[in-house]
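J.:
Protein chains in written order, with the numbering used here: chain H, 1 to 157; chain P, 1001 to 1361.
1. Can you have a look at residue 40/H and say buried or exposed, based on whether 16 or more other CB atoms are within 10 angstroms of its CB?
2. Does DSSP put residue 62/H in a helix, in a strand, or in coil?
3. In three-state terms, what does DSSP make of residue 133/H?
4. From 1278/P, 1100/P, 1104/P, 1179/P, pick the residue whose C-alpha is nearest to that of residue 1149/P; which is it?
5. Spatial neighbours of residue 1050/P within its chain, please: CB distance less than 6 Å, with the 5 preceding and 5 following residues excluded, ordered by chain position.
6. Which residues, in chain order, does the segment 1262-1291 of chain P contribute to contact with chain H at a C-beta distance below 8 Å?
7. Answer yes or no: does any C-beta atom of chain H fall closer than 7 Å to that of residue 1180/P?
8. What number of angstroms, rounded off, separates the C-alpha of residue 996/P from the C-alpha of residue 71/H?
9. Helix, strand or coil for residue 1293/P per DSSP?
10. Could you tell me which whole alpha helix (DSSP H) segments of length 4 or greater appear in the segment 1123-1205 of chain P?
11. Can you grab the Cα-Cα spacing for the pair residue 1153/P / residue 1283/P, in whole Å?
12. Who does residue 1302/P pair with in a DSSP beta bridge?
13. Which residues of chain H have a Cβ atom closer than 7 Å to the Cβ of residue 1307/P, listed in chain order?
14. With a threshold of 7 Å on Cβ separation, who are the neighbours of residue 1026/P within its own chain once the five nearest residues in sequence on each side are excluded?
15. Listing by chain order, which chain P residues have their CB less than 7 Å from the CB of residue 101/H?
16. Residues of the segment 1161-1188 of chain P in Cβ contact with chain H at a cutoff of 7 Å, in chain order, please.
17. Expressed to the nearest angstrom, what Euclidean distance is found between the alpha-carbon atoms of residue 1096/P and residue 1139/P?
18. Do residue 147/H and residue 64/H have their C-beta atoms closer together than 7 Å?
19. Figure out for me which residue from 1145/P, 1114/P, 1053/P has the closest Cα to the Cα of residue 1322/P.
20. State the beta-bridge partners of residue 1084/P as determined by DSSP.
21. Please say whether residue 1070/P and residue 1177/P have beta carbons closer to each other than 7 Å?
22. Just how far apart, CA to CA, sit residue 1314/P and residue 14/H?
23. Between the alpha carbons of residue 117/H and residue 1161/P, how many angstroms are there, rounded?
24. Just to confirm, is the Cβ distance from residue 1206/P to residue 1131/P under 7 Å?
25. Pull out every residue of the segment 1293-1305 of chain P whose Cβ sits closer than 9 Å to any Cβ of chain H, in chain order.
26. Name, going along the chain, the residues of the segment 1313-1331 of chain P whose beta-carbon falls closer than 7 Å to a beta-carbon of chain B.
27. Given a limit of 7 Å on CB to CB distance, which residues of the segment 1147-1162 of chain P reach chain H?
28. Counting only runs of 4+ residues fully inside the segment 1223-1272 of chain P, write out the alpha helix (DSSP H) ranges in chain order.
29. Quick one: does residue 74/H have its CB under 7 Å from some CB of chain P?
30. Quickly, what does DSSP pair residue 1032/P with across the bridge? List them, please.
31. Closer than 6 Å by C-beta to residue 1031/P: which residues in its own chain qualify, once you throw out the five before and the five after it? Chain order, please.
32. What number of angstroms, rounded off, separates the C-alpha of residue 1311/P from the C-alpha of residue 1297/P?
33. Please classify residue 83/H: does DSSP put it in a helix, a strand, or coil?
34. CA-CA distance, residue 1216/P and residue 1201/P?
35. Could you give the distance in angstroms between the alpha-carbon of residue 1286/P and the alpha-carbon of residue 121/H?
36. Closest to residue 1147/P by C-alpha separation, out of 1039/P, 1067/P, 1015/P, would be which residue?
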């Protein structure tokens, strides 16, 4: 009834119950993996899904006058929210509007003259995008701004 | 009349043969509920069960009109709120009911904790209860996105970003939930599926086990009651005495909920704009407010760790004490019992203080 299983030095008896006790959970584990893998792959989004067709190199925002000095404006840069600020020195600055703390979309606050995140109160400098207060660990990701024929053009930094 | 009563007797006998109702009744009559000054907390589990039934019923009704699409979701809720007869009532019932349920679950959790109901042999009952609370909060999180308004959109964004900070699996898990790199249609579809199919199945399975264990082990007795001499201990029958009181409490709770729903119907914010800024005064549901407020206070860097990661790890570890409690405080050491109580008080106070702070900040 018992089979003898021998390794190099030791021999031991493996009963049918022992064998089944080992085989059934092993088989169950393999079966679970076999069934789980297609489900996992089914649920896994394709890399860059939803972003591929809306990736852009540059965006034309409109006339310079649409963003007066001392203000800011949120806009769509491909599939990413972005923000442009027009500082009092007359310069335009643009950044990806994704807060580096927990990913909320930031906005320009005219009363404090800062880029601000409503979620956890993080503040950024409107000129450099540097994190200056609150929990954000890094500056905002910059974008390039150029004025072409009186229109604001924002492109990848 | 005679033939009718004999027909009823016949039907009773027919059912008895097949369902063995008298055996179930005998079992129910055997169950006793201890009477002491903390007995009122025994009602919490029952109220939670009743509220859960309300959530199932109102949720099924909402699905009749709700379409989980980013172009349609917000409009559907507006329609339910303003055009469908009693739509506002069922939608409000679902939203208020969810909040009420979480509140009752916290009361159930902490009352069981302070009565040391987690001790042997109820460790698994306790842990299944914690998992049920986790599932209920997951219901809240996934359901919050479904109206697709601006607050729910950003609350989901923050929640998924927090999930993505978890070491090793975080980013992967967040991407699986989001269904891509950004919150969009895929996220809404996934959250809808999780909310109306995956979580209910999980909840029902786990709740079945939880309730079965409660029946197997009977009602837990607090230490002060256990110490009493046998003749000083008093009990009441679960069936029908306690159950009838339970039903009365359910009715009162249901009436309170209906009054709240009628006097203060649940509103809806403007439609989510994935490219617009986060709205002013954005806050999550109150049961995530403590974590929200705590994360606000954590600085960007804490030594070598990123602030939010350290904050999340700290909160997780602190809350994990609830899982560890039955294995630490087994009832054999007064010191350990006291430490467990202090931990519970600190956790409860921390949650209350940070929630109130978050609400008013």
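Every residue gets a Cβ at the ideal spot worked out from N, C-alpha and C, and that includes glycine.
T.: Answer, in terms of the structure:
1. Here residue 40/H refers to the residue found at position 40 of the first chain. Per the 10 Å Cβ criterion, exposed.
2. Numbered from 1 along the first chain, position 62 holds the residue referred to as residue 62/H. Residue 62/H: strand per DSSP, three-state reduction.
3. Here residue 133/H refers to the residue found at position 133 of the first chain. The answer is strand: DSSP assigns residue 133/H an E or B state.
4. For the purposes of this step, residue 1149/P is taken as the residue at position 149 of the second chain. With distances taken between Cα atoms, residue 1149/P lies closest to 1278/P.
5. Here residue 1050/P corresponds to residue number 50 of the second chain, with the count starting at 1. Cβ neighbours of residue 1050/P beyond the five flanking positions: 1250.
6. 1274, 1275, 1276, 1277, 1278, 1279, 1280, 1281, 1282
7. Mapped onto the second chain, residue 1180/P falls at position 180. Taking Cβ atoms only, chain H reaches closer than 7 Å to residue 1180/P, which makes this a yes.
8. The structure shown does not extend to residue 996/P, since chain P spans only 1001 to 1361, so no value can be given for it.
9. The residue you call residue 1293/P lines up with position 293 of the second chain. Of the three classes helix, strand and coil, the one that applies to residue 1293/P here is helix, per DSSP.
10. 1123-1145, 1150-1164, 1170-1178, 1185-1193
11. Looking up residue 1153/P in the second chain gives position 153. Looking up residue 1283/P in the second chain gives position 283. Going from the Cα of residue 1153/P to the Cα of residue 1283/P covers about 11 Å.
12. Here residue 1302/P refers to the residue found at position 302 of the second chain. Residue 1302/P is bridged to 1305/P.
13. What you label residue 1307/P is simply residue 307 of the second chain in a count that begins at 1. Result: 135, 137.
14. In the second chain, the residue the question calls residue 1026/P occupies position 26. Closer than 7 Å at Cβ, skipping near neighbours: no residue.
15. Locating residue 101/H in the first chain gives position 101, counting from the first residue. By Cβ distance, chain P contributes 1308.
16. 1161, 1162, 1175, 1176, 1179, 1180, 1181, 1182, 1184, 1186
17. The residue labelled residue 1096/P in the question sits at position 96 within the second chain. The residue labelled residue 1139/P in the question sits at position 139 within the second chain. Approximately 13 Å between the Cα atoms of the pair.
18. Numbered from its first residue, the first chain carries residue 147/H at position 147. Numbered from its first residue, the first chain carries residue 64/H at position 64. Yes, the Cβ-Cβ distance between residue 147/H and residue 64/H is below 7 Å.
19. The residue labelled residue 1322/P in the question sits at position 322 within the second chain. Here the closest residue by C-alpha is 1114/P.
20. Within the second chain, the letter at position 84 stands for residue 1084/P. Residue 1084/P pairs with nothing; no bridge assigned.
21. Taking the second chain and counting its residues from 1, one reaches residue 1177/P at position 177. Taking the second chain and counting its residues from 1, one reaches residue 1070/P at position 70. Going by C-beta atoms, residue 1177/P is not nearer than 7 Å to residue 1070/P.
22. In the second chain, residue 1314/P corresponds to position 314, counting from 1. In the first chain, residue 14/H corresponds to position 14, counting from 1. C-alpha separation (whole angstroms): 48 Å.
23. Mapped onto the first chain, residue 117/H falls at position 117. Mapped onto the second chain, residue 1161/P falls at position 161. Rounded to the nearest angstrom, the two C-alpha atoms are 15 Å apart.
24. Residue numbering aside, residue 1206/P sits at position 206 when the second chain is read from its first letter. Residue numbering aside, residue 1131/P sits at position 131 when the second chain is read from its first letter. In this structure, residue 1131/P lies closer than 7 Å to residue 1206/P by Cβ.
25. 1295, 1296, 1297, 1298, 1299, 1300, 1301
26. Protein chains H and P are contained in the structure displayed, whereas chain B is not.
27. 1154, 1157, 1158, 1161, 1162
28. 1223-1226, 1243-1263
29. Numbered from 1 along the first chain, position 74 holds the residue referred to as residue 74/H. Yes, its Cβ sits closer than 7 Å to a Cβ of chain P.
30. In the second chain, residue 1032/P corresponds to position 32, counting from 1. Paired residues: 1237/P.
31. Position 31 of the second chain, counting from 1, holds the residue named residue 1031/P. 1238, listed in sequence order.
32. Here residue 1311/P corresponds to residue number 311 of the second chain, with the count starting at 1. Here residue 1297/P corresponds to residue number 297 of the second chain, with the count starting at 1. Roughly 9 Å between the two C-alpha positions.
33. Taking the first residue of the first chain as position 1, residue 83/H is located at position 83. In this structure, residue 83/H counts as strand in the three-state DSSP scheme.
34. For the purposes of this step, residue 1216/P is taken as the residue at position 216 of the second chain. For the purposes of this step, residue 1201/P is taken as the residue at position 201 of the second chain. Cα-Cα distance, rounded: 23 Å.
35. To locate residue 1286/P, count along the second chain from 1; it is residue 286. To locate residue 121/H, count along the first chain from 1; it is residue 121. Cα to Cα, residue 1286/P sits roughly 18 Å from residue 121/H.
36. Looking up residue 1147/P in the second chain gives position 147. Out of 1039/P, 1067/P, 1015/P, 1067/P has the C-alpha closest to the C-alpha of residue 1147/P.
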